[in-house]
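As given, the protein sequences belong to chains P, U and C, one line each in that order. Under my numbering, the first residue of the first sequence is numbered 95, with each subsequent residue one higher. Under my numbering, the first residue of the second sequence is numbered 5, with each subsequent residue one higher. Under my numbering, the first residue of the third sequence is numbered 187, with each subsequent residue one higher. Notes to accompany the following structure.
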Amino acid sequence: MFDISLFVLMLLGALLALAVYLPLRAGQLSLATPGFYTIGGTVAALLSTRVPELGGNEQTYPLTSVFLELMLAIPLVALLAFLIGKPVLKLKGIYLAIATIALVEILRVVLLSSPWFGAAVGIFAIPQPFEGPEGYAAAFAVLLGITAWGCQRLETEPLGREMAAIRNDELAARCMGVNSERVKLIAFVLSAIIAAAAGVLAAHFFNSWSARQASFDASITTLAFVVLGGSRTWLGPVFGGLVLTALPELLRPIGDLRLIVFGLVILLGPIFIPQGLIQQKRS
Amino acid sequence: MIGSTSLELNGLSVRFGGLQALDQLSFSLQQGEIFGLIGPNGAGKTTLFNVITGLTAATSGEVRWQGKTTAGLRPDQLCDLGIARTFQNIRVFSDLSCIDNLQIAMGCNDRRAALELLGIVELQEKGTHLAGSLAYGEQRRLELVRALATKPQLLLLDEPAAGMNPVEKQKLQVLLNTIRKQFQLTILIIEHHVPLMMKLCDRLAVLNFGRCIAIGSPQEVQEDPLVIEAYLGRGA
Amino acid sequence: MEVWLQLLVNGISIGAVYSLFALGYTLVFSVLGVINFAHGAVFTCGAYFTYIFLGGVVGSNGLLATQKLPVTFPLAIALVLAGFTAAMVGLLVETVAFKPLRRRGAEPLLYLITSLGAGVIIVNLIQLLMGAEAYALPSNILGSMPAVLAIGHGLQIRTVQLLLLIVGGVTMLILNIWLNQSLSGKALQAVAEDTTTARLLGINSGAMIQLAFAIASFLAGLSGGLVALSVNIGGPYFGISYGLKGLGVLVLGGLGSVPGAMLGGLIIGITEAFVPAKLSAYKDAVAFAFLFLVLIIRPQGLFGKPPIEKV
Numbered sequence: 095m096f097d098i099s100l101f102v103l104m105l106l107g108a109l110l111a112l113a114v115y116l117p118l119r120a121g122q123l124s125l126a127t128p129g130f131y132t133i134g135g136t137v138a139a140l141l142s143t144r145v146p147e148l149g150g151n152e153q154t155y156p157l158t159s160v161f162l163e164l165m166l167a168i169p170l171v172a173l174l175a176f177l178i179g180k181p182v183l184k185l186k187g188i189y190l191a192i193a194t195i196a197l198v199e200i201l202r203v204v205l206l207s208s209p210w211f212g213a214a215v216g217i218f219a220i221p222q223p224f225e226g227p228e229g230y231a232a233a234f235a236v237l238l239g240i241t242a243w244g245c246q247r248l249e250t251e252p253l254g255r256e257m258a259a260i261r262n263d264e265l266a267a268r269c270m271g272v273n274s275e276r277v278k279l280i281a282f283v284l285s286a287i288i289a290a291a292a293g294v295l296a297a298h299f300f301n302s303w304s305a306r307q308a309s310f311d312a313s314i315t316t317l318a319f320v321v322l323g324g325s326r327t328w329l330g331p332v333f334g335g336l337v338l339t340a341l342p343e344l345l346r347p348i349g350d351l352r353l354i355v356f357g358l359v360i361l362l363g364p365i366f367i368p369q370g371l372i373q374q375k376r377s
Numbered sequence: 005m006i007g008s009t010s011l012e013l014n015g016l017s018v019r020f021g022g023l024q025a026l027d028q029l030s031f032s033l034q035q036g037e038i039f040g041l042i043g044p045n046g047a048g049k050t051t052l053f054n055v056i057t058g059l060t061a062a063t064s065g066e067v068r069w070q071g072k073t074t075a076g077l078r079p080d081q082l083c084d085l086g087i088a089r090t091f092q093n094i095r096v097f098s099d100l101s102c103i104d105n106l107q108i109a110m111g112c113n114d115r116r117a118a119l120e121l122l123g124i125v126e127l128q129e130k131g132t133h134l135a136g137s138l139a140y141g142e143q144r145r146l147e148l149v150r151a152l153a154t155k156p157q158l159l160l161l162d163e164p165a166a167g168m169n170p171v172e173k174q175k176l177q178v179l180l181n182t183i184r185k186q187f188q189l190t191i192l193i194i195e196h197h198v199p200l201m202m203k204l205c206d207r208l209a210v211l212n213f214g215r216c217i218a219i220g221s222p223q224e225v226q227e228d229p230l231v232i233e234a235y236l237g238r239g240a
Numbered sequence: 187m188e189v190w191l192q193l194l195v196n197g198i199s200i201g202a203v204y205s206l207f208a209l210g211y212t213l214v215f216s217v218l219g220v221i222n223f224a225h226g227a228v229f230t231c232g233a234y235f236t237y238i239f240l241g242g243v244v245g246s247n248g249l250l251a252t253q254k255l256p257v258t259f260p261l262a263i264a265l266v267l268a269g270f271t272a273a274m275v276g277l278l279v280e281t282v283a284f285k286p287l288r289r290r291g292a293e294p295l296l297y298l299i300t301s302l303g304a305g306v307i308i309v310n311l312i313q314l315l316m317g318a319e320a321y322a323l324p325s326n327i328l329g330s331m332p333a334v335l336a337i338g339h340g341l342q343i344r345t346v347q348l349l350l351l352i353v354g355g356v357t358m359l360i361l362n363i364w365l366n367q368s369l370s371g372k373a374l375q376a377v378a379e380d381t382t383t384a385r386l387l388g389i390n391s392g393a394m395i396q397l398a399f400a401i402a403s404f405l406a407g408l409s410g411g412l413v414a415l416s417v418n419i420g421g422p423y424f425g426i427s428y429g430l431k432g433l434g435v436l437v438l439g440g441l442g443s444v445p446g447a448m449l450g451g452l453i454i455g456i457t458e459a460f461v462p463a464k465l466s467a468y469k470d471a472v473a474f475a476f477l478f479l480v481l482i483i484r485p486q487g488l489f490g491k492p493p494i495e496k497v
């Protein structure tokens, strides 16, 4: 008995994990992913509920309108990520992490307080482009497939190598001719795009959307997917995302203890499996 | 080849808060020479490297490379202009293979060229090995050819002989002379091992407390009373 | 004029709590170089412990429903006990989530994750045992003291706020004295400055780290209790926003700086108090806006060391 809705959530988890993985691959601990995810979803939610022309005539919301939402959300977050990334990526290590946490919190508070974005209740009754979870599963799978393919390509491109170099030793990389500012910015913008695209689809899937998506918990949990899954290759975050999203759901039978078990996994994982479950093969 | 393409320091000073790390350094390198920097620890030698490679900004004065000032240029830009370096504490990319270390420096995918460069320092067998798994001396050699892989005209070496035994030091000396000719390099080298520097360098500058207290041929510098005082104390 | 001063008083008293809380972050950061993301959970523990020690009854949703302690402690004792109990929780977190990583010299990222895991476990344990509902401290804790005191010039201060100020101020004073005058305090500073040298000088850095955790968690527990006094406990997750704001204080003051944490807390508390009522929904964003600006303009904050890399 396979729960397709759970599968959709797992795919979403894998996507968000990849979004966190990209900057990490360039040595940047950015916790901004939930922020861009929320923005993507907000664009979709606003457009689909406030612009009736996009509604179309069918029962279901037209796929073309979903594409339109993507075409709007992606450049928007790309621009935002570019503008934010320029100053923020100059920060190192924990400072960068905290700066991104702060940004996401500011976004969350602003959105939650503003009636235009639905205030605390959020935006609801978001139209559905698919009748059942199968459609969403397909859509998310396609998005995940594209993203994974991109990440795989990255492994062999010079850009991917430069990211790894920066992660190892940014200073040395710069002295060897790597424009680390540019590379880090690219990783950051790409990660924002992935998160926003996921957000667009998620807003429709969840039927309602509020800034509660942008929570600190969410960003650390996604980070945990990457760390536990393995952060050296893209398979790690995908695996981590899939498995760890499923875990609390699978643990539902034990009721209230499940989050504690989840916490135990996050607590003990780095201690016993520091490299993550999927490790890069060593020559 | 007569060089106008050389490194010039004009009144270069660097101050960190209360500490004067470099004080009015002014000298030039001749194209193709091996120029040595010696001096006690903390004399400012690595700081000079950091300024030349764009990691640290000068407080006053300037560095000129190929006739133009380097002020405001990023390290990667300076690398593109032909300046490369190694580091006092080894900074190879440990999680990447030796070949990848070189490919990053080369800026393109060229395994053949990478292996050739590795061959110069007898590391071609370890091409696919992770840089972090190499022995200390091997990592030093890797760092050297990685710098070479950026196709520099000026090579800055920060204590390349550290941790080497006499045999290795000898090989290094031969190697440096070879690559100087082969790659048409100007080499600026920091080292503590004075006999090596005497044999290797065309000229030397002695730094103390950020100031250049002597500059000239190894012979001249060796006999300079200020140098003797700095190294051995007064009345030696 | 009075309004202005009133807001200032409000700001200082909440600021004192922020400072206490952030001091915990600072202490751990200064000896370990990492941020303890379970700190907010320990703060939450302190709030709940205070409630229990004051004789509160557990609500009907938790496993411990309708239980209460057979003894009831007066406020001062309850706060101190809550602090000590929180300290024990903090030590447990250190042993389980930090020590194993320390032994291996793991990268800072991993501490982030394990401490988060610890925090998740703690908060959910609280939820399991105490239920998810809100708790208010017994209303008679102040005994015969009035709820509000007039302190001249038409100013009023809630007795609770005064308590916050006094407890907060005295605690910080004691901490400062202990850090600078006592042997163990100075040893702690030595470890914070340079662990290797400290060890070479015979200081047991492991013990110092545990001490730092214990003190930090005591402070978190105490500030949790104080906040529970002044507003009620919203639920097991109410500590999260304090946890994040504490980060803001930490960065503003400078990572690892004790006077920075103290001053930073006051600054953020006061600024929050002066947010006009119309924009009160955005109050929470104040700390984060500070945080972000500081990081962009001056990452080392007020008193921290600039993050420089040695070549």
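Even for Gly, the Cβ is constructed at its ideal location relative to N, Cα and C. None of these values were measured; they are calculated from a predicted model.
Would you mind working out which of the options sits nearest residue i, comparing C-alpha positions?
i        : options                                : result
P:Leu238 : P:Gly370, P:Trp328, P:Leu341           : P:Trp328
C:Phe474 : C:Phe489, C:Pro462, C:Thr457, C:Ala463 : C:Thr457
U:Ile94  : U:Glu163, U:Arg184, U:His197, U:Met201 : U:Glu163
P:Thr339 : P:Leu248, P:Thr154, P:Val359, P:Ala167 : P:Val359
P:Gly254 : P:Ile354, P:Leu116, P:Leu109           : P:Leu116
P:Thr250 : U:Gly111, U:Asn54, U:Arg207            : U:Gly111
C:Ile159 : C:Leu438, C:Ala459, C:Ser443           : A query on residue 159 of chain C cannot be resolved here, the shown segment of chain C reaching from 187 to 497 and no further.
U:Val125 : U:Gly141, U:Thr190, U:Glu195, U:Asn113 : U:Gly141
In this structure, does DSSP put residue i in helix, strand or coil?
i        : result
U:Phe20  : strand
U:Arg89  : strand
U:Arg207 : strand
U:Val96  : coil
U:Lys175 : helix
U:Lys72  : strand
Would you tell me roughly how many angstroms separate the C-alpha atoms of residue i and residue j, rounded to the nearest one?
i        : j        : result
U:Gln70  : P:Ser285 : 40 Å
U:Phe39  : U:Cys205 : 5 Å
P:Ile217 : C:Gly276 : 40 Å
U:Cys216 : U:Ser30  : 8 Å
U:Gly36  : P:Asn262 : 33 Å
P:Glu256 : U:Val96  : 13 Å
U:Leu152 : U:Pro79  : 16 Å
C:Gly451 : C:Val195 : 14 Å
P:Val203 : C:Ser370 : 42 Å
C:Val203 : C:Gly487 : 19 Å
U:Leu211 : C:Ala447 : 42 Å
C:Leu267 : C:Ala233 : 11 Å
C:Thr271 : C:Leu209 : 18 Å
P:Val114 : C:Gln313 : 29 Å
Determine the extent of the beta strand (DSSP E) in which residue i is found, giving its start and end residues.
i        : result
C:Gln342 : 342–344
U:Cys216 : 215–220
U:Val67  : 64–69
Between which two residues does the alpha helix (DSSP H) carrying residue i extend?
i        : result
P:Phe282 : 274–300
C:Phe223 : Element bounds for C:Phe223: n/a, residue is neither H nor E.
C:Phe478 : 469–483
C:Ile456 : 444–459
C:Ala264 : 261–279
C:Gly371 : 369–379
Could you confirm whether any beta carbon from chain P is found closer than 8 Å to the beta carbon of residue i?
i        : result
C:Gly303 : yes
C:Thr300 : yes
C:Tyr468 : yes
U:Leu122 : no
U:Pro164 : no
Let me see if you follow: with CB-CB separation under 8 Å, is residue i close to chain C or not?
i        : result
P:Leu174 : no
P:Ser124 : no
Please tell me whether residue i has its Cβ less than 8 Å away from any Cβ of chain U.
i        : result
P:Arg272 : Residue identity differs from the one stated: residue 272 of chain P is Val in this sequence, not Arg. P:Val272 counts as touching chain U.
C:Val497 : yes
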